[in-house]
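What follows is one structure encoded as C-alpha cells, with my remarks underneath.
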Amino acid sequence: MIVALVRAFGWQHKLERGNLNIQELAQLEQMDRSYMGKIIRLTCLAPDIVESILAGLQPRDLTLKDLIRNTIPVDWNEQRKMFGFRQE
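Quick note, the sequence shown lines up with residues -12 to 75 if you use the working numbering.
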C-alpha cells in the first residue's frame, strides 16, 4: 500500500504540473490507464488514513484491493467507516 500511495501522489503531482493527461502519463509510465486512475484516487484519502498506512498502522485486514475496488467517499468520516479506521 505504501508503494501505491507514493505512486499516487507522484503521478498526481506530474498531472498537476505538466501538460499531460492521464492517458499520456500512463503511456509514459507504461501503465494501464484504468489501473493508474484507481491508484491516483488514493490521493483523496483523509490525511490521517494516509498517515496510518504510511506508519503501518492501518486496520490489519485492509488491503490495497479494498482501497481501489470501491469508490472512495468524499467525506473523510465515511472513508474511516468504510475502511475500518477509528472515527474522529
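C-beta atoms are modelled at their ideal positions from N, C-alpha and C, and glycine is treated no differently.
Practice item. Tell me whether R73 is buried or exposed, calling it buried when 16 or more other Cβ atoms sit within 10 Å of its Cβ. Key: exposed
Check your understanding: Are L41 and L(-8) touching if we call contact CB-CB under 8 Å?
Key -> yes
Check your understanding: Under the three-state reduction of DSSP, which class applies to M18: helix, strand or coil?
Key -> coil
Practice item. Would you decide whether Q14 is buried or exposed? Buried here means 16 or more other CB atoms lie within 10 Å of its CB. Key: exposed
Point to revise | At least three beta-carbon pairs within less than 8 Å, the segment 39 to 54 to the segment 4 to 12 | key: no
Check your understanding: Are the Cβ atoms of R28 and I59 separated by less than 8 Å?
Key -> yes
Check your understanding: What separation, rounded to the nearest whole angstrom, lies between the Cα atoms of E38 and T30?
Key -> 12 Å
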